[in-house]
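Step one of this worksheet: look at the structure below.
2 protein chains.
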Amino acid sequence: MKPKTITLDDIAKRLNVSRVTVSKALRGHPDISKQTTESIKNLAKELGYTPNYMARNLSSKKSHTIGLVVPKIAHFFFGSLIEAVYDTAFENNYEIILTVSQENAEREIKHLQTLLSMRVDGIIISISEFTKDIEIFNAVQKMGIPLVFVDRVMEIPGFSSVAVADRTGTFKAIEHAIKVGYSKIGHIAGFDNINIGNKRNLGFEDAMKHHNLAINPNWVVQGGFGEEDGYNGFMKIYKSGSLPEFIFTVTYPVALGVYAAVDDLGLEIPKDIDIMCFGNSDINRFISPSLSCVNQPTDKLGKSAVELILEHINNPNMEEKHIEIETDLILRETCVRNNLKSDLAEIQI
Amino acid sequence: MKPKTITLDDIAKRLNVSRVTVSKALRGHPDISKQTTESIKNLAKELGYTPNYMARNLSSKKSHTIGLVVPKIAHFFFGSLIEAVYDTAFENNYEIILTVSQENAEREIKHLQTLLSMRVDGIIISISEFTKDIEIFNAVQKMGIPLVFVDRVMEIPGFSSVAVADRTGTFKAIEHAIKVGYSKIGHIAGFDNINIGNKRNLGFEDAMKHHNLAINPNWVVQGGFGEEDGYNGFMKIYKSGSLPEFIFTVTYPVALGVYAAVDDLGLEIPKDIDIMCFGNSDINRFISPSLSCVNQPTDKLGKSAVELILEHINNPNMEEKHIEIETDLILRETCVRNNLKSDLAEIQI
DNA sequence: TCAATTAACTTTATCGATAACTTTTATGAA
DNA sequence: TTCATAAAAGTTATCGATAAAGTTAATTGA
Numbered sequence: 422m423k424p425k426t427i428t429l430d431d432i433a434k435r436l437n438v439s440r441v442t443v444s445k446a447l448r449g450h451p452d453i454s455k456q457t458t459e460s461i462k463n464l465a466k467e468l469g470y471t472p473n474y475m476a477r478n479l480s481s482k483k484s485h486t487i488g489l490v491v492p493k494i495a496h497f498f499f500g501s502l503i504e505a506v507y508d509t510a511f512e513n514n515y516e517i518i519l520t521v522s523q524e525n526a527e528r529e530i531k532h533l534q535t536l537l538s539m540r541v542d543g544i545i546i547s548i549s550e551f552t553k554d555i556e557i558f559n560a561v562q563k564m565g566i567p568l569v570f571v572d573r574v575m576e577i578p579g580f581s582s583v584a585v586a587d588r589t590g591t592f593k594a595i596e597h598a599i600k601v602g603y604s605k606i607g608h609i610a611g612f613d614n615i616n617i618g619n620k621r622n623l624g625f626e627d628a629m630k631h632h633n634l635a636i637n638p639n640w641v642v643q644g645g646f647g648e649e650d651g652y653n654g655f656m657k658i659y660k661s662g663s664l665p666e667f668i669f670t671v672t673y674p675v676a677l678g679v680y681a682a683v684d685d686l687g688l689e690i691p692k693d694i695d696i697m698c699f700g701n702s703d704i705n706r707f708i709s710p711s712l713s714c715v716n717q718p719t720d721k722l723g724k725s726a727v728e729l730i731l732e733h734i735n736n737p738n739m740e741e742k743h744i745e746i747e748t749d750l751i752l753r754e755t756c757v758r759n760n761l762k763s764d765l766a767e768i769q770i
Numbered sequence: 422m423k424p425k426t427i428t429l430d431d432i433a434k435r436l437n438v439s440r441v442t443v444s445k446a447l448r449g450h451p452d453i454s455k456q457t458t459e460s461i462k463n464l465a466k467e468l469g470y471t472p473n474y475m476a477r478n479l480s481s482k483k484s485h486t487i488g489l490v491v492p493k494i495a496h497f498f499f500g501s502l503i504e505a506v507y508d509t510a511f512e513n514n515y516e517i518i519l520t521v522s523q524e525n526a527e528r529e530i531k532h533l534q535t536l537l538s539m540r541v542d543g544i545i546i547s548i549s550e551f552t553k554d555i556e557i558f559n560a561v562q563k564m565g566i567p568l569v570f571v572d573r574v575m576e577i578p579g580f581s582s583v584a585v586a587d588r589t590g591t592f593k594a595i596e597h598a599i600k601v602g603y604s605k606i607g608h609i610a611g612f613d614n615i616n617i618g619n620k621r622n623l624g625f626e627d628a629m630k631h632h633n634l635a636i637n638p639n640w641v642v643q644g645g646f647g648e649e650d651g652y653n654g655f656m657k658i659y660k661s662g663s664l665p666e667f668i669f670t671v672t673y674p675v676a677l678g679v680y681a682a683v684d685d686l687g688l689e690i691p692k693d694i695d696i697m698c699f700g701n702s703d704i705n706r707f708i709s710p711s712l713s714c715v716n717q718p719t720d721k722l723g724k725s726a727v728e729l730i731l732e733h734i735n736n737p738n739m740e741e742k743h744i745e746i747e748t749d750l751i752l753r754e755t756c757v758r759n760n761l762k763s764d765l766a767e768i769q770i
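If you read the protein sequences in the order shown, they are chains A and B. Note that our numbering numbers the first sequence so that position 88 is 509, with each residue one more than the last. Note that our numbering numbers the second sequence so that position 82 is 503, with each residue one more than the last.
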């Protein structure tokens, strides 16, 4: 039933040339005369020849493919990141094999093994929340396949990374809040064991120290990255007896949790409590009041990650490299005091 | 520099058996004794053997891989759909090769050719807004690779599809609006040339006819699926001189455009104009007032699409099949009249 | 007891290409 | 005229597996 697929040999036989001649002609190799090349290409098109990548890659030991591992797809940040990676890869004539760990460390390992088996030329990964084990990365290294971490980075010698400047990004946001006039500042933070939690915490501390503001431990809670973490975090702060004027949250879902908690408590943003978060999303724009944030330029992140892995692929002995992408603030209706109209100049939508 | 990768031959030589014995042992073939199998598996693990899928697939003529083509990733519907496809494929031990057309018909063709070259076992596609040409699908058919359309369907004989029940979904929404008490109903619709536009239009007409309501042509505009289409559409209706009580929009971005237009005009939702849309998203939940909609169960869609393509793969002579997934209404703060509290029972978040 | 079967491997062919040589013919410089 | 070189192919080996058929010794069964 399966129709026979056309191969180089089929074309070769019809034209009474060797298979290699056909292969070369189709690749535009100068060995083959213009005439021959043309007639080969014509016949190939006529027969609907479709090159077999498995054969090609097996033979050439190049797959022209990059593996991408992310924790989630249906998420603003990762969705945009993935799209940027695809676009950049497409421009460079590389294919992407995307796999999704669903924030599951074991599944992540399975996916990495699959990518190794597929003999991808390189791997770009944003690790799951729960990734601890280094073993699989050693295996990758042993096979000589370059790997680049994006955004969620494991600090293992020998691997390059592209990350958002989490620390200075957070610094900027806190500093902005201080300029707006706040001094009682809280933080619903992420856990320290993952770089994006850790770095953002440091940025918060930097800014407070830099501006000689004391950190009130009642106003700082640590937790995960989801809405419920934000909700519970705010409730905990509320129950401590006093509220800060402004709260920074480690992600936008955490901020959404705060919105819900504030609403449940009959309070109002930004009157009773003002807020900013790390990370942009569609929702930031449409929620009311619209939510100012530290923006991660996902397009630059994705582009850099692809470019970096390509560097590694084309130059196997390259040293590791750590790229930080600067953030910018997107100011909307939160954390903008009326008496500081000048800030509005920076506003983006 | 590239470290030598371990092959079946390496293992075979070390144990003084043939390569085929190793291959069979690793696959758990009954030909090989328990002892031999065990020692082979142990050595394979010890050496860090990683099977070469290209060689395996070339030889076995199966890739255990499904190609997926979507127009976008960073979009609520497609993001969720992709995630469902990945999850279902993962459960069935299939890999997914995802490609993104970015709503570009030429890019879509390139991607399809790539998937053919990769010799995927089957293809799942949601076509771009601008796909017209059938030629590439004929090529797919000629190669005997099964293909299933999801959501955005081209009606070509021989191809199966999985789609949302757009027509009855829209019918339900309009009927709900009528039950809520509206009779002056408008529609910001999609173009007729794509199935999701066409079917939703028909559903709208069905419902109006069924309830003996006249369609006011001033309140019906056709356009694309984006925010600007919603904005312009509403402005056009507004300029016609009279407003309906309720508007249905073909997608949620179109509804967001209406929100913006309504705001710019100094009107209010739902007081001055009430609204529902086809398609759910995060934003529907967080925008104010939160936006009721026809929900497309992306998990069922993705799951069915994978299951259907697997059926085709395992049974090459199977007849085409057209699956429709029923929708449900998600009722939030729009299109819920106070005097109809009973409706609130259905509310989901 | 002897053909038939089975367990456990091995051999050979093949999948569809590319890499690295080699060959043949034509061309041109010395 | 002769030798070197270039143009345009062709040959051979190989990539790393699996499929299918073949081998050998031990076991079975009537």
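Even for Gly, the Cβ is constructed at its ideal location relative to N, Cα and C. In this text the structure is predicted, and so the values were computed from the model without any measurement.
query: Counting Cβ pairs, one atom from each stretch, are 3 or more of them under 8 Å apart for the region 553 to 572 of chain A and the region 593 to 605 of chain A?
result: no
- prompt: At a Cβ threshold of 8 Å, is T672/B touching chain A?
  reply: The residue you call residue 672/B lines up with position 251 of the second sequence. False, the Cβ-Cβ gap to chain A never drops below 8 Å.
message: So S753/B contacts chain A; which residues on that side make the cut at Cβ distance below 8 Å?
response: Against the second sequence, residue 753/B aligns to sequence position 332. Here residue 753/B is Arg; the residue named in the question, Ser, does not match the sequence. Near R753/B there are no residues of chain A at all, since even the closest Cβ is about 14 Å away, more than 8 Å.
query: Is the Cβ of V521/B closer than 8 Å to any Cβ of chain A?
result: One-based indexing of the second sequence puts residue 521/B at position 100. Interface residue, yes.
- request: Rounded to whole angstroms, what's the CA-CA distance from K657/A to G647/A? Just pull it up for me.
  value: On the first sequence, residue 657/A is found 236 positions in, with the first residue counted as 1. On the first sequence, residue 647/A is found 226 positions in, with the first residue counted as 1. Cα to Cα, K657/A sits roughly 16 Å from G647/A.
- request: Rounded to whole angstroms, what's the CA-CA distance from K620/B to N514/B? Just pull it up for me.
  value: In the second sequence, counting from the first residue as 1, residue 620/B sits at position 199. In the second sequence, counting from the first residue as 1, residue 514/B sits at position 93. Using only the alpha carbons, I get a separation of about 35 Å.
query: By how many angstroms is the C-alpha of H597/B removed from the C-alpha of C714/B?
result: Taking the second sequence and counting its residues from 1, the one referred to as residue 714/B is at position 293. Taking the second sequence and counting its residues from 1, the one referred to as residue 597/B is at position 176. Using only the alpha carbons, I get a separation of about 11 Å.
message: Residues of the region 509 to 541 of chain A in Cβ contact with chain B at a cutoff of 8 Å, in chain order, please.
response: F511, E516, I517, I518, L519, T520, V521, Q523, R528, Q534, T535, L537, S538, M539 and R540
query: Under 8 Å, do V490/B and T520/B count as touching if we go by C-beta distance?
result: In the second sequence, counting from the first residue as 1, residue 490/B sits at position 69. In the second sequence, counting from the first residue as 1, residue 520/B sits at position 99. Result yes, Cβ atoms of V490/B and T520/B sit closer than 8 Å.
Where R540/B falls, given that 16 or more other Cβ within 10 Å makes a residue buried: Translated into positions along the second sequence, residue 540/B becomes position 119. With 16 or more other Cβ atoms within 10 Å, it is buried.
message: Can you find the residues in the same chain that come closer than 8 Å, C-beta to C-beta, to F669/A, ignoring five residues on each side of it along the sequence?
response: Indexing the first sequence from 1 puts residue 669/A at position 248. Excluding residues within five positions, the ones whose Cβ falls inside 8 Å are T591, A594, I595, A598, I606, G607, H608, I609, F625, I696, M697, C698 and F699.
task: Give the residues from the region 607 to 619 of chain A that approach chain B closer than 9 Å (Cβ to any Cβ), ordered along the chain.
output: Along the region 607 to 619 of chain A, none of the residues has a CB nearer than 9 Å to a CB of chain B.
task: Output yes or no for whether 8 Å exceeds the beta carbon distance between F558/B and I577/B.
output: Taking the first residue of the second sequence as 1, we reach residue 558/B at position 137. Taking the first residue of the second sequence as 1, we reach residue 577/B at position 156. The answer is yes: Cβ separation under 8 Å.
message: Given the structure, does L568/A come close to the ligand SAH, in the sense that its CB is under 7 Å from one of the ligand's heavy atoms?
response: The ligand SAH is not part of this structure, which contains no ligands at all.
- prompt: Along the region 553 to 568 of chain A, what residues have a CB closer than 8 Å to any CB found in chain B?
  reply: A560, K563, M564 and G565
query: D720/A CB to nearest chain B CB: under 8 Å?
result: As a working note, residue 720/A is residue 299 in the first sequence. No, its Cβ sits nowhere closer than 8 Å to a Cβ of chain B.
query: What does a CB cutoff of less than 7 Å around L436/A pick up in its chain, not counting 5 residues either side in sequence?
result: Here residue 436/A refers to the residue found at position 15 when the first sequence is read from its first residue. Here L436/A has S460, I461 and L464 as same chain residues with Cβ atoms under 7 Å from its own Cβ, once five neighbours each way along the sequence are excluded.
query: chain B beta carbons: is any one of them nearer than 8 Å to that of F699/A?
result: The residue labelled residue 699/A in the question sits at position 278 within the first sequence. Between F699/A and chain B, the shortest Cβ-Cβ separation is not below 8 Å.
field: Contact the region 491 to 504 of chain B vs the region 720 to 728 of chain B: 3+ CB pairs below 8 Å
entry: yes
message: Nearest by alpha-carbon distance to K482/A: which of N473/B, K630/B, N705/B and I487/B is it?
response: Within the first sequence, numbered from 1, the residue matching residue 482/A stands at position 61. When only C-alpha atoms are compared, the closest one is N473/B.
Where the region 728 to 742 of chain B meets chain A: residues whose CB sits under 8 Å from a CB there: P737 and N738
- prompt: If you measure from the beta carbon of I704/B to each beta carbon in chain A, is any gap under 8 Å?
  reply: In the second sequence, residue 704/B corresponds to position 283, counting from 1. Closer than 8 Å to some Cβ of chain A, the Cβ of I704/B qualifies, so yes.
task: Give the secondary structure of E529/A by DSSP, where H, G and I count as helix, E and B as strand, and everything else as coil.
output: Looking up residue 529/A in the first sequence gives position 108. Of the three classes helix, strand and coil, the one that applies to E529/A here is helix, per DSSP.
- prompt: Taking the continuous alpha helix (DSSP H) assigned at V541/A, which residues delimit it?
  reply: Within the first sequence, residue 541/A is the residue found at index 120, counting from 1. Segment: none, V541/A is in no alpha helix (DSSP H) and carries neither H nor E.
message: Quick check: what's the CA-CA separation for L731/A versus L664/A?
response: Position 310 of the first sequence, counted from the first residue, corresponds to residue 731/A. Position 243 of the first sequence, counted from the first residue, corresponds to residue 664/A. Roughly 49 Å between the two C-alpha positions.
- request: Measure the C-alpha to C-alpha separation of T442/A and D431/A and round it to an integer number of angstroms.
  value: Against the first sequence, residue 442/A aligns to sequence position 21. Against the first sequence, residue 431/A aligns to sequence position 10. Cα to Cα, T442/A sits roughly 12 Å from D431/A.
- prompt: Which residue spans inside the region 492 to 522 of chain A form an unbroken beta strand (DSSP E) run of at least 3?
  reply: 516 to 521
message: At 3 residues or longer, what runs of the beta strand (DSSP E) sit wholly inside the region 650 to 729 of chain A?
response: 667 to 670, 695 to 699 and 714 to 716
field: chain A contact residues for N473/B, given Cβ-Cβ distances below 8 Å
entry: If you number the second sequence from 1, residue 473/B lands on position 52. Correct list: L479, S538 and R540.
- request: Kindly list the residues whose CB is nearer than 8 Å to the CB of H485/A, restricted to its own chain and excluding five residues on each side of it in sequence; keep chain order.
  value: For the purposes of this step, residue 485/A is identified with residue 64 of the first sequence, where counting begins at 1. These residues qualify, in order along the chain: N478, N514, Y515, E516 and D542.
field: Residues from the region 496 to 508 of chain B in contact with chain A, defined by Cβ distance under 8 Å
entry: H496, F497, G500, S501, I503, E504, Y507 and D508
query: Does F707/A get closer than 8 Å to chain B when you measure Cβ to Cβ?
result: The residue given as residue 707/A occupies position 286 in the first sequence. Cβ-Cβ to chain B under 8 Å: yes for F707/A.
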